[in-house]
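Peer 1: Okay, so the sequence shown: first residue is 41 according to the working numbering, each after it adds one. Pasting in a structure now, in structure tokens, and then I'll have a few things to ask.
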Amino acid sequence: MKDALTKATENYWHALLQTCGEDSSREGLVKTPQRFLKAFEELTSGYHHTLEEVVNDALFPCTNTHPIYIQDIPFFSLCEHHVLPFYGTCTVAYIPNGTVLGLSKVYRIIALYAQRLQLQEQLTQQIGEAIQSVTHAKGVQVDMRGTHLCVAMRGVKQSQSFMHTHYQNGEAIPPSTQQAASEPTCFLHCTSQWIPLFIGCTEGEQKQPTPIQLSLSLHMPVDYGTRKDDLSTTVDYDALMMGLKHACLNQRFQLIEFAGQTIYQWIHQYLAHHYQDMPIKITLQKRLSHEWLQDSQFVIGDF
């Protein structure tokens, strides 16, 4: 069957190349039919896997009730109308309902549906419905921003445009950077060095720490920093980060989400004890050993 498909593909390409005036026998094109078939099989590999295979029971109990955001995940797909690529970023958010999905599984779910002939509108819905079906989350939201080469390279040839699609089900999820527009805001941001934390389920991950970088944003009272005569109200970031490092250094976390929840609670307790509690947002960045992913981020916060 595969030999017959390969032969049919070769015949099609030879005819197509001749139609546009090319010599299908020249050196650069002799193996093009085989290369095309191999690439096409890879780009449509999502048809050969199921959601159950991809998730592989990677669901974990969690008491976190705050929205979880996985932001700016790159995706690549083929449009079903012209079989030309479209690509961009996908942001997934959901409100846990007693369980959380392993972080890497979110990336794999996106790839499962992106590696097919697609419409961006349909792709967005399929990702959202898949996240909902496996997590039973209280709310799910998916946003995709895509650039379509069928629009950029042909037809209207608009290379600077993009398409935004949105899916939402269940409870509404606020933007991860939501701010109150009716009053002034004051934010302070800091980013840690790479901290070695034990995060993961495999034996290797349990023995070897994973470098994690923490970014912290504090939503300060609007008059913070204007109290010139009272330095006791200022946050000692060095002491906060060092305390956080020692608090987490010897702990072991199965998931980056669990580490994020622990750090989120610790920082609130630290601020309440030493200064005053205030809204915070933290981002944990984890380096990945993956063929097309450089890192992953977990975001949790009050704004």
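All residues carry an ideal CB built from backbone N, CA and C; glycine is no exception.
1. Measuring alpha carbon to alpha carbon, tell me which of Leu157, Leu57, Ile110 ends up nearest Gly86.
2. Do Ile320 and Gly300 have their C-beta atoms closer together than 8 Å?
3. By Cβ distance below 7 Å, which residues in the same chain neighbour Ser222 in space, the five residues on each side in sequence not counted?
4. Hey, Gly168 and Phe100: beta-carbon distance below 8 Å or not?
5. Report buried or exposed for Phe80, applying the criterion of at least 16 other Cβ atoms within 10 angstroms of its Cβ.
6. Per DSSP, Arg292 forms a beta bridge with which residues?
7. Give every residue of the same chain whose Cβ lies closer than 8 Å to the Cβ of Ile307, excluding the five residues on either side of it in the sequence, and list them in chain order.
8. Look at the alpha carbon of Arg75 and the alpha carbon of Gln155, and state the distance between them as a whole number of angstroms.
9. Residues in the same chain with beta-carbon distance under 6 Å from Arg292, minus the five sequence neighbours each way, listed in chain order, please.
10. Helix or strand or just coil, what does DSSP make of Thr105?
11. Expressed to the nearest angstrom, what Euclidean distance is found between the alpha-carbon atoms of Asp317 and Thr131?
12. With distances taken between CB atoms, is the gap from Leu324 to Ile296 smaller than 8 Å?
13. Are Gln166 and Ala133 touching if we call contact CB-CB under 8 Å?
14. Return yes when the Cβ of Met193 is within less than 8 Å of the Cβ of Leu163, no when it is not.
Peer 2: On the basis of the data shown:
1. Closest option to Gly86, Cα to Cα, is Leu157.
2. Ile320 places its beta carbon 8 Å or farther from that of Gly300.
3. In this predicted model, Ser222 has a pLDDT of only 40, less than 50, meaning its place in the structure is not dependable; the value taken from the coordinates is given anyway. So the list is empty, once near-sequence residues are dropped.
4. Not closer than 8 Å, so no.
5. The Cβ neighbour count for Phe80, taken over all protein chains shown within 10 Å, is under 16; the residue is labelled exposed.
6. In the DSSP assignment, the residues bridged to Arg292 are Phe238.
7. Leu256, Leu280, Leu284, Ile320, Ile322, listed in sequence order.
8. Arg75 and Gln155 have their C-alpha atoms roughly 17 Å apart.
9. Phe238.
10. The answer is coil: DSSP assigns Thr105 none of H, G, I, E or B.
11. Taking the straight line from one Cα to the other gives about 29 Å.
12. Ile296 is positioned such that its CB atom lies closer than 8 Å to that of Leu324.
13. It is not a contact, given that the beta carbons lie outside the stated cut-off.
14. Remark: C-beta atoms of Leu163 and Met193 do not approach each other more closely than 8 Å.
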